[in-house]
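S.K.: In the UniProt record's numbering, the protein residues as written are 1 to 309.
For every residue, glycine included, the Cβ atom is placed at its ideal position computed from N, Cα and C.
If you're wondering where the values come from, they're calculated on a predicted model, not measured in any experiment.
Can you read through this structure? Questions will come right after.
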């Protein structure tokens, strides 16, 4: 039995199909308020299964209505979890800063569950929000007319496709006010200048490996889930696309794709598109350094974006 794909320290895929994942430090939910918020895990769909972690900030008044941020973790569609300590700290603190309920979704992972399963799983979180608004105590103050989608890396990709699915499904029970993709993970068969650079060979190889593990059998990097230009929306549907703030990092190999994504949305007439760069920072720095000054600034920018819509 040999290893056919590996991201050292995170995942190994063996020739017989067995997948071994290595989890970093994880956090357990806290039902009592700590650092201004409390958290708990919920079941979105037991048959798949899909779970999520809710972060609820301390609300001074029971009548206060709070927006909802639905967050999708990164990891090339193959690794990651809302239970990872970095995500827990970042999202808990963000819930306090933005005065928002955060629903962080644990979707099924590739290669066992290839795309578009992650998109379907994460869209079901919107349906769960609507179905449980009146029965889940932690959603009693949720304003489903002010829902935001966010995620980092592959999660930023997922946020884009969940928004498209919501538009095509005419889902008006949950109103998506904005998207906040962080260092979004996209690609295409055509290489960018950065991907063609000689010193990018290791990053390109790792990206190709994750796409190979997550794309449907017979698909290439021009699959609509990878190449954002291939996901079709009519002009009328593009007019319904929510406001977007794309966050990129100056030292991130994926920065180039993030800039291209923002420019693509602008070309489609999306009503509001912002591009925000964290100079001198690397890919998903907010997960590896959730209490850093740069992460605090990211949380402020995200909070400002949501509060001003």
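DSSP beta-bridge partners for residue 53?
M.R.: 41 and 104
S.K.: Any contact of the stretch 230-244 with the stretch 263-283, i.e. 3+ C-beta pairs under 8 angstroms?
M.R.: Yes, the stretch 230-244 touches the stretch 263-283.
S.K.: With a CB to CB cut of under 8 angstroms and the five nearest residues on each side skipped, what residues in its chain are close to residue 179?
M.R.: 148, 149, 150, 159, 160, 163, 242, 243, 244 and 245
S.K.: Per DSSP, what kind of secondary structure is residue 135 in: helix, strand or coil?
M.R.: If DSSP states are grouped into helix, strand and coil, residue 135 belongs with coil.
S.K.: Among the candidates 91, 74 and 111, whose CA atom is the shortest distance from the CA of residue 15?
M.R.: 111
S.K.: Smallest Cα separation from residue 137: which of 200, 257, 41 and 196?
M.R.: 41
S.K.: Would you call the stretch 100-115 in contact with the stretch 66-84, where contact means no fewer than 3 C-beta pairs closer than 8 angstroms?
M.R.: yes
S.K.: Which residues in the same chain as residue 289 place their Cβ atom closer than 7 angstroms to its Cβ, once the five residues preceding and following it in sequence are excluded?
M.R.: 295
S.K.: Between 85, 263 and 135, which lies nearest to residue 28 when the distance is taken from Cα to Cα?
M.R.: When only C-alpha atoms are compared, the closest one is 85.
S.K.: In the DSSP assignment, find the beta strand (DSSP E) that holds residue 26 and state where it starts and stops.
M.R.: Counting along the chain, residue 26 falls outside any beta strand (DSSP E), and DSSP gives it neither H nor E.
S.K.: Excluding the five sequence neighbours on either side, which residues of its own chain have a C-beta within less than 6 angstroms of the C-beta of residue 123, listed in chain order?
M.R.: 162 and 165
S.K.: Which residue's Cα is closest to the Cα of residue 8: 1, 93 and 21?
M.R.: 21
S.K.: For the candidate residues 176, 59 and 13, whose alpha-carbon lies nearest to that of residue 129?
M.R.: 176
S.K.: For residue 266, report the span of its alpha helix (DSSP H) as first-last.
M.R.: 255-267
S.K.: Specify, as a first and last residue, the run of the beta strand (DSSP E) that residue 71 falls within.
M.R.: 66-72
S.K.: Select from 235, 255 and 281 the residue whose C-alpha is nearest the C-alpha of residue 266.
M.R.: 235
S.K.: Since residue 55 and residue 3 should fall inside the 8 angstroms C-beta cutoff, what is the C-beta to C-beta distance between them, to a whole number of angstroms?
M.R.: Contact flag wrong, Cβ pair sits at about 36 angstroms.
S.K.: Hey, which unbroken runs of the alpha helix (DSSP H) at 4 residues or more fall wholly within the stretch 224-249?
M.R.: 235-238
S.K.: Could you compute how far the alpha carbon of residue 174 sits from the alpha carbon of residue 152?
M.R.: When rounded, the distance between both Cα atoms is 22 angstroms.
S.K.: Would DSSP call residue 205 helix, strand or coil?
M.R.: In the structure shown, residue 205 sits in a helix (DSSP, three-state: H, G or I).
S.K.: Residue 58: which of 300, 31, 12 and 72 sits nearest, CA to CA?
M.R.: 31
S.K.: My output table needs one value for residue 177: the three-state DSSP class, helix, strand or coil.
M.R.: strand
S.K.: Starting from residue 299, follow the beta strand (DSSP E) in both directions and report where the run begins and ends.
M.R.: Element bounds for residue 299: not the beta strand (DSSP E) but the alpha helix (DSSP H), 293-307.
S.K.: Whose C-beta lies closer than 7 angstroms to the C-beta of residue 252 among residues of the same chain, with five residues either side of it excluded?
M.R.: 183, 282 and 283
S.K.: Apart from the five residues on each side of it in sequence, which residues of its chain come closer than 7 angstroms, Cβ to Cβ, to residue 64?
M.R.: 141
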